[in-house]
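Going down the list, the protein sequences come from chains A and B.
Going left to right, the first sequence walks through residues 3 to 313 as this note's numbering numbers them.
Going left to right, the second sequence walks through residues 482 to 723 as this note's numbering numbers them.
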Amino acid sequence: MPNIIHTAGLVRCFGTVCAVDDISLDVPTGIIFGLLGPNGSGKTTIIRLLLGLLEPTSGTAEVLGLDTRSQADKIREQTGALLEHSGLYERLSAEDNLEFYGRVWRMPAPERASRARELLTHLGLWERRKEPTGKWSRGMKQKLAMARAIFHRPPLVLLDEPTAGLDPVAAAALRNDLDDMVAREGITVFLTTHNLAEAERHCSRVAVIRQGKLLALGHPDELRAQAGGSQVEVIGRGFNEDLVVQLSRRPEVTGARIQNGRLIVDLKDNAEAAPLVAALVCAGVRVEEVRKSTVSLEEAFLALVEEDHGH
Amino acid sequence: MVTDTWTVIWKEMKLLLEGNNKARFFPLIFLLIFGVVLPLQTGLPWLDLPLGLAFWVVIPLALVASWVADSFAGERERHTLETLLASRLSDQSILFGKLIAGAGHAWGMALLAMVLGLVTVNLASWQGAVRLYTPAVGLGGVGVSFLTATLVANAGVLVSLRAPTVRQAQQIVGIGVMIVVWLPVLLLSFLPVQWRLAMASSLGSADLTQSALVTAALLFLLDVTLLAVVMRRFQRTRLILD
Chain A
3 MPNIIHTAGL VRCFGTVCAV DDISLDVPTG IIFGLLGPNG SGKTTIIRLL
53 LGLLEPTSGT AEVLGLDTRS QADKIREQTG ALLEHSGLYE RLSAEDNLEF
103 YGRVWRMPAP ERASRARELL THLGLWERRK EPTGKWSRGM KQKLAMARAI
153 FHRPPLVLLD EPTAGLDPVA AAALRNDLDD MVAREGITVF LTTHNLAEAE
203 RHCSRVAVIR QGKLLALGHP DELRAQAGGS QVEVIGRGFN EDLVVQLSRR
253 PEVTGARIQN GRLIVDLKDN AEAAPLVAAL VCAGVRVEEV RKSTVSLEEA
303 FLALVEEDHG H
Chain B
482 MVTDTWTVIW KEMKLLLEGN NKARFFPLIF LLIFGVVLPL QTGLPWLDLP
532 LGLAFWVVIP LALVASWVAD SFAGERERHT LETLLASRLS DQSILFGKLI
582 AGAGHAWGMA LLAMVLGLVT VNLASWQGAV RLYTPAVGLG GVGVSFLTAT
632 LVANAGVLVS LRAPTVRQAQ QIVGIGVMIV VWLPVLLLSF LPVQWRLAMA
682 SSLGSADLTQ SALVTAALLF LLDVTLLAVV MRRFQRTRLI LD
């Protein structure tokens, strides 16, 4: 199956508000796919639509080759989900939470026991498996919820902001666990997030949505390239407004400015910094340091969102 | 579906056993009252007392009401409902699992109280042989307590499906139970004395078996109607949007 998720013109409206507005995307099998968007952009609604928990107003969605409208039961049989909340029964222990969902997925008793041991040990929760999860930290609960989502070895896992509300250390640990599990289990992960560093580091394909509309889709590098080229920061002496004007006229430059005594030059895609530096030296600038950086996914995301807002 | 329903029942029972002490020991009060105190006070007539049928209604009313109000409203409040709905469990297995767990628990307690009452009466008033409930009281008790438990479970789930919080669900179910229990008593108190005496005398001379059968038939009809309504109202999409 080339695409594990396929949507075409997917729309979901609540009254007059369309939370999901004409979303068409494909998610290839075996990758971590990130759906990026600010709060209220429709990420959770898309997950609910993919799981068949909500019916689309129009358009179609296929998950694992199954139609979300007519085959939702079969989709839920083959997927794991960690939704907005961990969904753990806090009066029950970690062991009992996994036992319950193992029974739900009709795993045989010996397999339930061995799988619980395997995942809890891997996540460092084995020693505390008999404690009620209500006493656990949020990070531990999220880890357990992730273990529950992949407990029955589904080919596809949907995670709704899995690291939201976690401190940086717990979030990093959870992300590493996720990477590790994807590598070990060979599953496809569809995750929503507004943490762009998380998406940049872990997702091999991302989609950006805002107010239910798809703004961009592709590899994080493609999105960065789409948002703009690289930036050169020059530290030295001899910067002035005439120089800025001269630089701005160069074909490879999209913008230049002096900021905190440093010269910042925005370059077009794939433009080299060397000719620019040579021109600066010829113009009498005493260059001490040159730094070239590409646009981060966060900057690309903000550029996309602002561009859409401008329209 | 049977396996999945049983899985939901397993989870509900686990949650009850792992719950707070109040939830765990609340049923014991009813066992003590209806299984020990009242049988001891009444003695042998306890085994053929027509009023016993009313007692076996009280236990399920009290036990199911508090449990079942929590069924969906509690899952919603504790943010476990959406994960449950995102699983492979069918609508029917989730619904029946919760209904059976709630009604079964209360019915089980009622049966336990009946057995305990039987043991208490026999021990306290031993007459050389084991005395049993009369068929009308015994079978009537088993049937009426079952039908009451399922009726309250259905009503409670119906309320719980739409209630935003457990507290609200419990309040609505609690008020409903109070109306069912106290409204007839209140209405009776407004009737003229002669009418009340006439009613008492006709009840006294009524055929107990026939009365039990009529009550059971009425409860059964109500049960089936409410179950149909609950099944119609139980929709994943609506629960998610609520």
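From the three backbone atoms N, C-alpha and C, an ideal C-beta is built for every residue, glycine too.
Since the structure is predicted, the reported quantities are computational estimates derived from the model, not experimental observations.
Below 7 Å on C-beta distance, what does residue i contact in chain B?
i	result
A:Asp98	Lys495
A:Leu56	Thr718 and Ile721
A:Leu53	Ala567
What are the partner residues of residue i, as DSSP defines its beta bridges?
i	result
A:Ala209	A:Leu37 and A:Leu219
A:His8	A:Asp28 and A:Glu64
A:Val255	A:Leu269
A:Cys15	A:Cys20
A:Gln261	A:Arg264
A:Thr81	A:Leu158
A:Ser88	DSSP, once it has assigned bridges, lists no residue as partnering A:Ser88.
A:Val289	A:Gly238
A:Asp169	Answer by DSSP bridge pairing: none, since A:Asp169 is not bridged.
A:Pro134	A:Ser95
A:Gln233	A:Asp268 and A:Ser295
A:Val191	A:Ile34 and A:Val159
A:Asp69	A:Glu64
Rounded to a whole number of angstroms, what is the C-alpha to C-alpha distance between residue i and residue j?
i	j	result
A:Gly214	A:Cys20	7 Å
B:Ala631	B:Gln573	With the sequence shown as reference, residue 631 of chain B is identified as Thr, and Ala is not the correct amino acid for it. Taking the straight line joining both Cα atoms gives about 16 Å.
B:Leu566	B:Lys492	14 Å
A:Leu219	B:Phe627	58 Å
A:Ala314	A:Gly44	Beyond the ends of chain A as shown, which are 3 and 313, falls residue 314 of chain A; an answer cannot be given.
B:Ile575	A:Ser88	19 Å
B:Leu513	B:Thr601	11 Å
A:Pro222	A:Gln261	28 Å
A:Gly36	B:Trp537	57 Å
A:Gly39	A:Glu224	17 Å
A:Glu97	B:Met590	29 Å
B:Leu672	A:Lys132	59 Å
A:Leu217	A:Glu308	11 Å
A:Glu86	B:Phe506	34 Å
B:Thr690	B:Ala698	12 Å
B:Gly500	A:Ser139	20 Å
A:Glu129	A:Glu120	12 Å
B:Thr484	B:Ile490	10 Å
In chain A, what lies closer than 8 Å to residue i by C-beta?
i	result
B:Arg557	Correct list: empty, because the minimum Cβ distance to chain A is about 11 Å.
B:Ser571	Asp75
B:His560	Glu86, His87, Ser88 and Gly89
Can you pull the chain A neighbours of residue i, defined as C-beta to C-beta under 7 Å?
i	result
B:Lys492	Phe102
List, in order along the chain, the chain B residues whose C-beta lies closer than 9 Å to that of residue i?
i	result
A:Arg114	Within chain B, no residue comes near A:Arg114; the closest Cβ sits about 12 Å away, beyond 9 Å.
A:Leu94	Lys492, Lys495, Leu496 and Glu499
A:Ala83	Glu563, Thr564, Ala567 and Ser568
Given that residue i touches chain A, what residues does it touch there, using C-beta distances under 9 Å?
i	result
B:Ile514	The contacting residues do not exist; B:Ile514 stays about 28 Å from chain A at best.
B:Thr484	Arg105 and Arg108
B:Thr488	Phe102, Arg105, Val106 and Arg108
Within its chain, find whatever has a CB closer than 7 Å to the CB of residue i; leave out the 5 residues flanking it on each side and keep chain order.
i	result
A:Arg93	Pro134 and Gly136
A:Val22	Leu12, Val13, Arg14, Gly44, Thr47, Ile48, Leu51 and Gly214
A:Val289	Val236, Gly238, Val279, Leu282 and Val283
B:Thr646	Ala554 and Glu558
B:Leu562	Phe553, Glu556 and Leu720
A:Glu57	Arg71
Under 8 Å Cβ-Cβ, which residues of chain B neighbour residue i?
i	result
A:Arg50	Ile721
A:Pro134	Glu499
A:Glu79	Arg569
Using a Cβ-Cβ cut-off of 8 Å (strictly less than) and excluding sequence neighbours within five positions of residue i, which residues of its own chain qualify?
i	result
A:Glu101	Arg114 and Ala118
B:Ala693	Leu534, Ala617, Leu620, Gly621, Gly624 and Val625
A:Leu176	Gly141, Gln144, Lys145, Met148, Pro164, Thr165 and Leu168
A:Ala285	Gly240, Leu245 and Gln248
Is any non-hydrogen atom of the ligand FMN found closer than 7 Å to the C-beta of residue i, if you look at the structure I gave you?
i	result
A:Tyr103	Here there are no bound small molecules, and the ligand FMN is not part of this structure.
Once the 5 residues before and after residue i are set aside, which same chain residues still bring their CB inside 6 Å of it?
i	result
B:Phe553	Ser641 and Leu642
B:Asn635	Leu707, Leu708 and Val711
A:Arg293	Glu235
A:Asp268	Gln233, Thr256 and Gly257
A:Ala172	Gly141
B:Phe715	Asp572 and Leu576
For this session: Scan the region 542-616 of chain B and note each continuous alpha helix (DSSP H) run of 4 residues or more that stays entirely inside, going in chain order.
Result: List check, alpha helix (DSSP H) in window: 551-558, 562-566 and 572-605.
For this session: Please specify which runs of the alpha helix (DSSP H), each continuous and at least 4 residues long, are wholly inside the region 652-693 of chain B, giving them in chain order.
Result: Listed in chain order, they are 674-686.
For this session: For the region 497-542 of chain B, list the beta strand (DSSP E) runs that are entirely contained and at least 3 residues long, ordered along the chain.
Result: Listed in chain order, there is nothing to give.
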